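Presented below is the structure to which this report refers.
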Amino acid sequence: APNDSTAGMLRREVLTRLTYLCDVGLGYLTLDRSTRTLSGGEVQRVNLTTCLGASLVNTLFVMDEPSVGLHPRDVGRLIRVIHNLRDKGNTLLVVEHEEAIIRAADHLIDIGPGRGEQGGELVFEGTLDQMLGLGSAGASPAVSRASRGTSGNGLGHQPNERPQTLPRGASTSGRGARAPQSQSLTRDYLSGRKSIPIPKSRRKTRAVIKITGAHEHNLRNVDVDIPLGVFTCVTGVSGSGKSTLIHDVLYRNLLRAKGQLTEHEPGACKSVSGAHRIGDVVMVDQSQLARTPRSTPILYLGLYDRVRELFAALPESMAQGLTASAFSFNSGSGRCERCCGTGFEKIEMQFLSDLFVRCAECEGKRFQPHVLRVKLYGRSIHDVLELTVSEAIQFFAQIGESEKLGDRLDVLDEVGLGYMRLGQPLNTLSGGESQRLKLVAHLGEHSHGAGEGNGNVQRPTAEASRGKLFIFDEPTVGLHFDDVALLVKVFQRLVESGHSIIVIEHNLAVMKCADWIIDLGPEAGDDGGQLVVAGTPEALAKVEVSHTGRYLRNALGSAGCQPAVRGSLPRTLTRAYTDSVDEVALRAAEEPSGWQPALPSNSSHAIQIHGAREHNLKNISLDIPRDKMVIITGLSGSGKSTVAFDILFAEGQRRFLDSMSPYARQFVEQLEKPDVDLVQGVPPSVAIEQRVTRGGGKSTVATVTEVYHFLRLLFAKTGTQFCPDCDLPVQKQSLAAIVKQVETAAKRGPLKVLAPLVKARKGFHTDVARWAERQGFDTLFVDGELIPVGQFRKLERFKEHTIDVVVGVIDAKRIRKARNLVQRSLEIGRGTAHLLDAKHRLTVMSTEMSCPGCGRAFEELDPRLFSFNSPHGACEECGGFGEIWNRAKQTGAEETGESVLENEVAAEREFESVEEASECPACHG
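Under the working numbering, the first residue of the sequence shown carries the number 962, and numbering increases by one thereafter.
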C-alpha cells in the first residue's frame, strides 16, 4: 500500500544499495550473477557498498586496490565514494597503484625504496605536493596540527619546512622519519621524471586467428581478427565483454581445437579458425605456483638438479658417500630429520593462530650438519639457497657454470626478480612475482639470439605462427609503475621470441605500448558486447565513441615531452570524468595545487538522534558529543536504558554488522531496529551491561576475562614438567638410551613400535590413512584398536580420535631392528614414540621429556591438560567443578540415560546455596 511505512523502508533500502552499486562502477552486473564469477576488484567494490549503507563514523576502512578491474572512466566514481566515506568522519587506508587515486589522497605513505630485502623502509610520508617538492601548502590540517604539537606524535616537521632527508641506512622507525626523495620511484613516475616509453613503431602481422559470430553472454555476433606475432591489448569498460570474448570464446575454443580438455563449455560462436598457426595457447594468471613451502625458484626452473650434482661431485662428498639425493631438502637422507627439510616447525596454539618457528635442530638450514660441512667454493648447500638471483649469477659465473645455470637466472634478473632468493618458498610470492616467474621458462626457450624488443623488428609470418599464444587478464594488478615497465619489457621480449601476446587491460601505460588494440563496448552489460574499433593505439585515440580512446589520447599526447609536475588531482584527467566525478574532485582541479578537500560543514562531532519513540520516549531529539564522557540520568523507568542500549548501542552494532558478510552476521544476535526517525554519527558500539544472572559452577574471574586461556597456553608451551613419581624435572633423552630400553623390554615379549599421528582430534582422518598407505605402512592403531590400512573407514567427524601408525614389530629374535624402528618412529612422531605389548599396554618414549630418575617418558604437553572444562584435564571425580553435590553423587548416568557430566551440571542448578556442596576429595577443590 502507498502508506505502508514498511514497504517504503524496504524500497529505500533496495534503491540505496542499487545506487551504491552504480556509484562504484558495477551498474552492469545482474543481481543473479554468481559471486564466484566476480573478479577480486568487483567483490571488493560490492562489499564497499555495504559499508556505504552502514553510515558508520570513526571507523578505519582498509582497502587493497579497489580500482582493480575498473576502467579509467569509472575511477572518478570510485574516488567520490571514497571521499564520501572520509567525509562522514572515517579513516580510509588504501593500498593502491592507480595514479588518479594516489593524487586524490590526503596523505601518502611510500614504502621502499626497492623490492624484497632492498625495501621495507619508510621512503616518504606526507602530502602529494610535499612529495613532488611543491612546498608544504598542500599539507592537510590534520598533518599541520600534528606537526605543531610537542608530544612527539606529529610528523616531525613544521608546515613551512621541506620533508626531512636521512642518509642511507639511517633509522626510519620514527614518525618524523624521511628518506631522500631521490630514492622514491613513486615520486619519479608521478613527477614525470620516469615514464614508460611508447614504442617507436608498431609491429604488423599477416597471420590471424579469426573469430566469427561470437554471441556468448552479452556479445552481439562479434566478428574479430586476433593478430599473431604482435602484442595485442583488449580494452573496454568493465562489463563490456572482454573476458567473455577472450576466456570463453577464444581460449576455450582453441583448447578444444588442440584436443585439450576444458573445465567449462567453450563460448558460443560460429567458428574460431587459425588454431593451426600457433603451437599452443597458454593462460598466464597471478595464481600461486605452489601451496607448500617445499617448492622454490631454483626447483621450479629445474636448476637444482645441477647444483646437487656439483655438490655430490666434490671429493668431500665422495669420501662420505654422499650422493646428489643427500643434498635434497624434500627427500633423501641428508635433510634435517626434525623438520623434514622445511627449516621450521609448526606449533599449534589451539585458540590462537598457529606459529611457525625456526627448527631448533638445524636452525633453519634444512640439512644435517655433515651435509652442511660440504662446501662448494666456500659455500654450503644452505649458503647457495640463500643467494639472491643477482648474487647467484655472479657466483655461478665465477665457478664456470654460466652456460648451465646462469642463462636462466639472467632472464629471472631481467624480469625484475633479481632480489629473490633461490631457496625462497614459492607460496610466499606475490601474484605479480608468480606471474613473471611463470614467464621465465618460456623466455628461456629463446634466450639465445633474441633481440631486445624495441618494436621495429618485423617477424616472418611462418615464425610467428610457430610460437605460442599467451593470454593475460589484467596482469598489472598489484604492480607499481616500475613493475609495469618491467612487465611491458617481458611482453616485448616474448613477442620478439616469436610468440603472440593478448592482454585484457585497463592500464593506459600498457595500452599505449601495444601493437594492436581491440576495443569492446561502447558501454557495459546489454549496452556493450560490440566491437567498437580494432587498430593501433593511435587509431583508437581518434574514435570519439570509445571511452578508452578518450583517455588513451591523453596518454599518447604526452609522449616525447616531460609532463608538468602536478599536485592534487590531475586537471586533464579530472575533466575527462565529466559527470562521473564529484564536486570535491572538480574543486581540487580548479583551485591552486595546495588546496585540500575539507570535511563538509554538516559533519558534526556528535551523535544525533531525531524523533526517538522507542518504548516510552516521547519523540525526543538530542545530540550526544563524541570523544566525551556523557552521563544519562533520570528516574528508574524514565527511558535511560532505552536511549543508551535500545537505540544507540543497537544502531551502532546493527550498522557495523551490516558491513560484514551475511555468513559472519549469522553468528551474532541481530538487534531490532529501534523506532526512531534518524540516527547519525554512530561509531561501532560495545555494550557493557550489568549481568543479573550468575555464572555456572566453572565460571571464574579468569574465564570471564579470558586470562585463563592464555595461562593454559603459557603453562603448556613454557612450563617445566616434573615426574609425578620422582618429583624431578623431565629432561631430554638420547636415542641410544631409548633403544636400550626397547631392547630390554623386547626380551620380555614381542612389542609393536608405534608413531603417534593424531592425538585427541576430531575429524574423518581419511587423509591419515592415505598417507600411511603411501608410506608403505599396513596397520594403524585407532582409538585402541589395530586396523589394517586397507580396511580403514572414515571416523565419526565430531568425536575425538587418537591414531598411531605401526612402524614395526620387535621381539627377542629381531632385536637388531630396534634402532632403525625406534629412530623411524621418533622421526614420524616428532620426538615421541609408543610401545604396545601383547596385553595392549602402551608405553611412551620421548627424546624431549623423560624422567632422569626412573626413565619414565611423557607426551608433549597439551593446553587442554590445563583446562577444567576439558575431559583431558578435568578431575575425574568432580568433573572440573572442584566441588561435589550429594544428590549429584546419587544421580548416575544409568538412571537418566544422560552423561555423568550432564547430570552433574543439572544437579548444580538444583542447589541455590553453595553450602550444600562439599570439597572434592580427589583434587581438593
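Yeah, the Cβ is synthetic: ideal placement off N, Cα and C, and Gly gets one too.
In this text the structure is predicted, and so the values were computed from the model without any measurement.
Check                                                                                                                                                      : Outcome
Tell me, which residues are paired with ARG1722 by DSSP?                                                                                                   : HIS1762
Excluding sequence positions up to five away, which residues of its chain have a Cβ less than 6 Å from the Cβ of ARG1580?                                  : Just to set this straight, residue 1580 is Asn in the shown sequence, not Arg. For ASN1580, where only same-chain residues beyond five positions count, the Cβ hits under 6 Å are GLY1572 and ARG1574.
Please give me, in chain order, every unbroken run of the beta strand (DSSP E) with length at least 3 that falls completely inside the region 1144-1203.   : 1169-1175, 1183-1188 and 1192-1196
Reducing DSSP to helix, strand and coil, say where GLU1060 ends up.                                                                                        : helix
Identify the continuous alpha helix (DSSP H) that holds SER1828 and give its terminal residues.                                                            : Premise fails: SER1828 is in no alpha helix (DSSP H) and is neither H nor E.
Using DSSP bridges, identify the partner residues of VAL1243.                                                                                              : PHE1431
Can you give the Cα-Cα distance for ASN1563 and GLY1642, rounded to whole angstroms?                                                                       : Caution applies to ASN1563, whose pLDDT of 43 falls short of 50 and renders its modelled position unreliable; the model cannot decide the point.
Taking the alpha helix (DSSP H) that ALA1066 falls in, what are its first and last residues?                                                               : It is not in any alpha helix (DSSP H) - ALA1066 carries neither H nor E in the DSSP assignment.
Does the count of Cβ pairs from the region 1021-1041 and the region 970-980 closer than 8 Å reach three?                                                   : no
Note the first and the last residue of the continuous alpha helix (DSSP H) segment covering ASP1638.                                                       : Here ASP1638 belongs to no alpha helix (DSSP H); instead the beta strand (DSSP E) covers 1637-1641.
What are the boundary residues of the alpha helix (DSSP H) that PHE1346 is part of?                                                                        : For the sequence presented, residue 1346 should be read as Leu rather than Phe. Element bounds for LEU1346: 1342-1346.
Please classify LEU1398: does DSSP put it in a helix, a strand, or coil?                                                                                   : helix
Once DSSP output is grouped into helix, strand and coil, what is the label at TYR981?                                                                      : helix
My output table needs one value for ALA1546: the three-state DSSP class, helix, strand or coil.                                                            : Only weak support exists for where ALA1546 lies, its pLDDT of 36 falling under 50; the value from the coordinates is given anyway. ALA1546: helix per DSSP, three-state reduction.
Return helix, strand or coil for LYS1713, following the three-state DSSP convention.                                                                       : strand
With distances taken from CA atoms, which of TYR1380, LEU1609 and LYS1634 is nearest PRO1644?                                                              : LEU1609
By the three-class DSSP mapping on this structure, what secondary structure does VAL1770 have?                                                             : strand
VAL1233 by DSSP, collapsed to three states: which one?                                                                                                     : strand
Reducing DSSP to helix, strand and coil, say where ALA905 ends up.                                                                                         : Summary: the structure shown does not reach residue 905, with the chain confined to residues 962 through 1886, and so no result is reported for it.
May I ask which residues mark the beginning and end of the alpha helix (DSSP H) holding ASP1443?                                                           : 1442-1457
With a Cβ-Cβ cutoff of 8 Å, do ILE1207 and GLY1428 count as a contact?                                                                                     : no
Do ILE1462 and VAL1456 count as a contact pair if the criterion is CB distance below 8 Å?                                                                  : yes
Which residue spans inside the region 1677-1703 form an unbroken alpha helix (DSSP H) run of at least 4?                                                   : none
Counting along the chain, where does the alpha helix (DSSP H) carrying GLN1359 start and finish?                                                           : 1350-1359
How would you call THR1666, buried or exposed, if buried means at least 16 neighbouring beta carbons within 10 angstroms?                                  : exposed
Assuming contact is defined by CB atoms lying nearer than 8 Å, are ALA1251 and GLU1270 in contact in what I supplied?                                      : no
Could you give the DSSP three-state label for PRO1749: helix, strand or coil?                                                                              : strand
Apart from the five residues just before and just after LEU1718, which ones in its own chain have a Cβ nearer than 7 Å to its Cβ?                          : VAL1729, ILE1764, ASP1765 and VAL1766
As an exercise, report each continuous beta strand (DSSP E) stretch of at least 3 residues that is fully enclosed by the region 1472-1525, in chain order. : 1477-1482 and 1491-1496
Figure out for me which residue from ARG1164, GLU1746, THR1349 and VAL1750 has the closest Cα to the Cα of THR1740.                                        : VAL1750
For VAL985, count neighbouring Cβ atoms within 10 angstroms of its own Cβ and tell me buried if that reaches 16, exposed if not.                           : buried
Who does GLY1304 pair with in a DSSP beta bridge?                                                                                                          : Answer is none; GLY1304 lacks a bridge partner.
If you draw a straight line from the C-alpha of THR1804 to the C-alpha of GLY1710, how long is it?                                                         : 14 Å
Hey, could you find the ends of the beta strand (DSSP E) ILE1259 is sitting in?                                                                            : Counting along the chain, ILE1259 falls outside any beta strand (DSSP E), though it belongs to the alpha helix (DSSP H) covering 1258-1261.
Where does VAL1023 land, buried or exposed, given buried means 16+ other C-beta within 10 angstroms?                                                       : exposed
Quick check on GLN1569: does DSSP put it in helix, strand or coil?                                                                                         : strand
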